[in-house]
Amino acid sequence: MHVYTAPVVVPVAGDPIREGAVGVDGGRIAYVGPAADAPEADETTAFTGVMTPGLVNAHTHLCYTSFADMYGNEKEFFEWIQEFARRNPATADEAWKASTQEGIDESIRHGVTAVADIVTAAAGFAPLLASDLAGVAYWEAVFIDEAAWEVRRGPWREVVTDTRAVNNSDLAVGVSPHTLYTLGTNVGKSIAELARTLDIRLHPHLAETAHEDMFVRRGSGPFAFMNRRAGLDLEIADGGAGHSPAVQMDKVGWLGADSHVAHGVHLDKADRELLRDKGTAVAVCARSNARLEAGEPPVAALRAEGNAVAVGTDSRASSPDLDVAAEWPVLRRIALSQGDAGDGLDEWLVRAATEGGAKALGRDDIGALKEGNRADLAVFDVPTDGDPYAALVAGAAGKCTATVLRGRLTDR
1 MHVYTAPVVV PVAGDPIREG AVGVDGGRIA YVGPAADAPE ADETTAFTGV
51 MTPGLVNAHT HLCYTSFADM YGNEKEFFEW IQEFARRNPA TADEAWKAST
101 QEGIDESIRH GVTAVADIVT AAAGFAPLLA SDLAGVAYWE AVFIDEAAWE
151 VRRGPWREVV TDTRAVNNSD LAVGVSPHTL YTLGTNVGKS IAELARTLDI
201 RLHPHLAETA HEDMFVRRGS GPFAFMNRRA GLDLEIADGG AGHSPAVQMD
251 KVGWLGADSH VAHGVHLDKA DRELLRDKGT AVAVCARSNA RLEAGEPPVA
301 ALRAEGNAVA VGTDSRASSP DLDVAAEWPV LRRIALSQGD AGDGLDEWLV
351 RAATEGGAKA LGRDDIGALK EGNRADLAVF DVPTDGDPYA ALVAGAAGKC
401 TATVLRGRLT DR
């Protein structure tokens, strides 16, 4: 038994505990409660600050950590996204592995212990599955029309099946059909069918930009131009679908309790209701949206209407860091500017980045400190008097002082 103590423990599964402790045995939580009542320990580690469950980054692309220069290139989304088509083919497998490992290390330093990570190059699976992170590694399908799918379907599927066959980590393998504007409709349906056949999770991007809405509804706009120039022949480009991206995503089978979507910036009331009905969570990535001039996610409406919400950073190509806690003050400002009264908002935000992320990934053993859960902890150097949720939201960014993965204190 190893007992970790802190002046304040925020279990998420219960009320904050003053002078609290978490007991760990065999990588699992065996005790949560007052330090004075903790079981006898072989070892004890005393932290200062506030201890929480490890944070969940519910949308990221760790393989793009070495693309951080793109964050500062000042290109708007449409120009920015085309950079990947030029850079990705020139990136060697060893570079993908190194970039992914760099992202893993940065995430852990920020108290992130679980991820929903999009894997663009198959080489990126190796460092992920060798790590102690929990979550899902999603194999990406992007820029594929029906003609290309006939050729690429077999090799693409083999990456999923072969990786699952050798995977013995706590990161499951899922699939990420990128977007409605980079995949053919029948390709998207095929990927959804594969996911249900294999009983694995899906994670697409939804309603990130107004350009996407224009393309899906009318088959026009910058993305139609981009695809024509790239020789991508998508069915929806012929006049559009006549409805929102969320409705179209449901039609191709990408929504459900086994899926969560990234961004959700341009979701109207009916779209949000559809996601609730389908049991599909939204991973909001406010700093990335701001950098790419994509707009602001409807945080206040998502909260008020009861949508399941998680928090992501997106990649270093569109975010200044992989610090999930740095999303909190931005999301708080957005919610208040959209009319949220603020009552309970800080707690809601902390929950979104812990148990909300866990639920989005289909996990019930992470994101909260309770007996039987994975022993993943994060400690933040924030004030311990007053409301710990407010202290975390206001001050935890850049202030993670310790991360515990599967009960083991990590080197920083």
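Residue numbers (full-length UniProt numbering): 1 to 412. The beta-carbon is built from N, C-alpha and C at its ideal position, and this holds for glycine as well. Source: prediction; values computed, not measured.
Whole-number beta carbon distance between residue j and residue i, since they are thought to touch under 8 Å
{"i": "TRP96", "j": "ALA123", "result": "4 Å"}
{"i": "VAL32", "j": "PRO11", "result": "5 Å"}
{"i": "VAL309", "j": "ALA335", "result": "Going by Cβ atoms, the distance from VAL309 to ALA335 rounds to 11 Å, so no, they are not a contact pair."}
{"i": "VAL330", "j": "ARG287", "result": "6 Å"}
{"i": "residue 414", "j": "VAL261", "result": "There is simply no residue 414 to check, as the chain begins at 1 and stops at 412 in what is shown."}
{"i": "VAL324", "j": "ALA294", "result": "Not a contact, Cβ separation roughly 19 Å."}
{"i": "VAL284", "j": "PRO297", "result": "4 Å"}
{"i": "THR60", "j": "THR313", "result": "6 Å"}
{"i": "VAL8", "j": "PRO16", "result": "6 Å"}
Burial state of residue i (16 or more Cβ within 10 Å)
{"i": "THR179", "result": "buried"}
{"i": "GLU355", "result": "buried"}
{"i": "GLU208", "result": "buried"}
{"i": "GLU327", "result": "buried"}
{"i": "VAL350", "result": "buried"}
{"i": "VAL166", "result": "exposed"}
{"i": "GLY184", "result": "buried"}
{"i": "SER176", "result": "buried"}
{"i": "SER337", "result": "exposed"}
{"i": "PRO39", "result": "exposed"}
{"i": "ALA46", "result": "exposed"}
{"i": "ASN307", "result": "buried"}
{"i": "ALA224", "result": "buried"}
{"i": "VAL151", "result": "exposed"}
{"i": "LYS399", "result": "buried"}
{"i": "ALA58", "result": "buried"}
{"i": "LYS359", "result": "buried"}
{"i": "THR403", "result": "buried"}
{"i": "ARG333", "result": "exposed"}
{"i": "THR182", "result": "buried"}
{"i": "ASN289", "result": "buried"}
{"i": "ASN73", "result": "exposed"}
{"i": "ASP271", "result": "buried"}
{"i": "PRO155", "result": "exposed"}
{"i": "THR161", "result": "exposed"}
{"i": "ALA341", "result": "exposed"}
{"i": "ARG291", "result": "buried"}
{"i": "ARG374", "result": "buried"}
{"i": "GLY357", "result": "buried"}
{"i": "GLY188", "result": "buried"}
{"i": "GLY219", "result": "buried"}
Pair within 9 Å by beta-carbon distance, residue i and residue j
{"i": "GLY27", "j": "MET51", "result": "no"}
{"i": "LEU369", "j": "ILE29", "result": "yes"}
{"i": "TYR4", "j": "ALA317", "result": "no"}
{"i": "ARG153", "j": "GLY174", "result": "no"}
{"i": "LEU129", "j": "SER169", "result": "yes"}
{"i": "LEU377", "j": "THR44", "result": "no"}
{"i": "CYS63", "j": "SER315", "result": "yes"}
{"i": "LEU405", "j": "THR65", "result": "no"}
{"i": "ALA353", "j": "VAL142", "result": "no"}
{"i": "ARG228", "j": "LEU198", "result": "no"}
{"i": "TRP149", "j": "ASN88", "result": "no"}
{"i": "ALA6", "j": "THR48", "result": "yes"}
{"i": "residue 420", "j": "LYS269", "result": "There is simply no residue 420 to check, as the chain begins at 1 and stops at 412 in what is shown."}
{"i": "ASP346", "j": "VAL393", "result": "yes"}
{"i": "HIS110", "j": "GLY407", "result": "no"}
{"i": "GLN82", "j": "MET226", "result": "yes"}
{"i": "LEU267", "j": "ASP145", "result": "no"}
{"i": "GLU140", "j": "ILE104", "result": "no"}
{"i": "GLY279", "j": "ALA257", "result": "yes"}
{"i": "ASP381", "j": "THR401", "result": "yes"}
{"i": "PRO204", "j": "SER244", "result": "no"}
(message) Suppose only complete runs of 3+ residues qualify. What are the beta strand (DSSP E) ranges in the stretch 164–188, listed by chain order?
(response) 171–177, all fully within the stretch 164–188.
(request) Could I get the ranges of all uninterrupted beta strand (DSSP E) runs contained in the stretch 329–363, with 3 residues as the minimum, in chain order? (result) Scanning the stretch 329–363 for uninterrupted beta strand (DSSP E) segments of 3 residues or longer gives nothing; none is fully contained.
(message) Is it the case that the stretch 120–139 contacts the stretch 357–366, given that we only count it when at least three CB pairs across the two stretches are under 8 Å?
(response) Counting Cβ pairs under 8 Å, three or more are found: they touch.
(message) Whether or not the stretch 202–222 and the stretch 58–78 are in contact is what I'm after, with contact meaning three or more pairs of Cβ atoms, one per stretch, closer than 8 Å; do they touch?
(response) For the pair of segments examined, the stretch 58–78 was found to touch the stretch 202–222: the number of CB pairs separated by less than 8 Å reaches three.
(message) Quick test of the definition: if touching needs 3 or more C-beta pairs under 8 Å, does the stretch 373–390 touch the stretch 38–55?
(response) The stretch 373–390 vs the stretch 38–55: in contact.
(request) Flag this pair as touching only if the stretch 239–251 and the stretch 210–226 have three or more C-beta atom pairs under 8 Å; answer yes or no. (result) In this structure the stretch 239–251 touches the stretch 210–226; the number of beta carbon pairs closer than 8 Å is three or more.
(request) For the stretch 186–195 and the stretch 249–259, state whether three or more C-beta atom pairs, one from each stretch, are separated by less than 8 Å. (result) The stretch 186–195 makes contact with the stretch 249–259; the number of CB pairs closer than 8 Å reaches 3 or more.
(request) Just list the alpha helix (DSSP H) runs in the stretch 195–279, keeping only unbroken ones of 4 residues or longer that don't cross its boundaries, in chain order. (result) DSSP runs (the alpha helix (DSSP H)) wholly in the stretch 195–279: 210–218, 222–230, 245–251, 269–278.
(request) Quick one: which unbroken beta strand (DSSP E) runs of 3-plus residues sit fully inside the stretch 109–148? Chain order, please. (result) Fully enclosed beta strand (DSSP E) runs of 3 or longer: 112–119, 134–141.
(request) Please go through the stretch 56–100 and give each complete alpha helix (DSSP H) segment of 4 or more residues, from N-terminal end onward. (result) Counting only runs of 4 or more residues that sit fully inside the stretch 56–100, the alpha helix (DSSP H) segments are 77–87, in chain order.
(message) So within the stretch 297–325, which uninterrupted alpha helix (DSSP H) runs reach at least 4 residues, ignoring any that extend past its ends?
(response) If only complete runs of 4 or more residues are kept, the stretch 297–325 shows the alpha helix (DSSP H) at 299–305, in order along the chain.
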